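What the sequence shown shows, in my numbering, is residues 714 to 867, in sequence order. Heads up, the beta-carbon is just placed ideally off N, CA and C, and yes, glycines get one too. Quick caveat: nothing in here was measured; it's all calculated off a predicted structure.
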Amino acid sequence: MKIAVASDHRGHAVKGKVLSLLSDLGHDADDRGPDSGESVDYPDFAAQVARAVSTGSVDRGILICGTGMGMCIVANKFRGVRAANCHDDLTAGMSRLHNDANVLCLSADLLGDRRINRMIEIWLETDFEGGRHARRIEKIDEYEVQDESAQAPS
């Protein structure tokens, strides 16, 4: 699987570990920055990963910032992106099982390395359950189209 990964300055060190883990698990890890721990604006990096997921140039994305919240908000602005800010094994698994999340958002400040590694493994291994959940994903997709139509200039 090709997975784009990005962070802000607070998540930079964790991002390096995540890239190594993905490579060890046999995935194609695509580093979208930043290249250092110097202060950056998280929306710029979240948008790169979300756009890649939205256009299908990668299969999934992982975003890391201080809490995971800012990255998640940005990523969900992109059509077809279902980003989930997860904080434990259960939320990581359920984000895939019921929500077909294609972007995992993580906290660099609140989660330890072991927990992050386990969450990523669960998130990558868990398949979307489909069924009634597929109907709900279809509704989300419809809302995106409706919103774009409502905002289009007349």
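Asked                                                                                                                                                        : Found
Decide yes or no for the touch test of the segment 822-829 against the segment 767-775: beta carbon pairs closer than 8 Å, at least 3 of them.               : no
I'd like to confirm the pairing. Which residues does DSSP put opposite Lys820 in its beta bridges?                                                           : In the sequence under discussion, the amino acid at residue 820 is Ser, which differs from the Lys named in the question. Paired residues: Cys778.
Which runs of the alpha helix (DSSP H), 4 residues or longer, sit entirely within the segment 738-807?                                                       : 755-768 and 782-788
Please name the residue, chosen from Asp737, Gly739, Val727 and Met782, that lies closest to Gly746 on a Cα-to-Cα basis.                                     : Val727
Could you check what DSSP says for Ala719 in three-state terms: helix, strand or coil?                                                                       : strand
I think Val762 touches Ala719, with their Cβ atoms under 8 Å apart; what is that distance to the nearest whole Å?                                            : 5 Å
So, at 8 Å on beta carbons, what are the nonlocal neighbours of Ala912 in its own chain, with the 5 sequence-adjacent residues on each side left out?        : Residue 912 lies beyond the range of the chain shown here (714 to 867); nothing can be said about it.
Can you tell me where the alpha helix (DSSP H) with Phe830 in it begins and where it stops?                                                                  : The residue you asked about is not Phe; residue 830 is Asn in the sequence shown. Asp826 to Glu838 is the span of the alpha helix (DSSP H), which, as asked, contains Asn830.
Note down, in chain order, each residue of its chain lying with its Cβ closer than 8 Å to the Cβ of Leu817, except the 5 sequence neighbours on either side. : Arg773, Gly774, Ile775, Leu776, Ala796, Ala797, Cys799, Ala805, Ser808, Met832, Ile833 and Trp836
Using alpha carbons as the reference points, say which of Glu851, Gly739 and His725 lies closest to Gly793.                                                  : Glu851
Helix, strand or coil: which one does DSSP assign to His846?                                                                                                 : helix
Ordered along the chain, which non-local residues of its own chain (more than five positions away) have a Cβ less than 8 Å from that of His740?              : Met714, Lys715, Ile716 and Leu837
Return yes when the Cβ of Tyr755 is within less than 7 Å of the Cβ of Met784, no when it is not.                                                             : yes
Do Thr839 and Leu810 come within 7 Å of each other at the CB atom, strictly closer than that value?                                                          : yes
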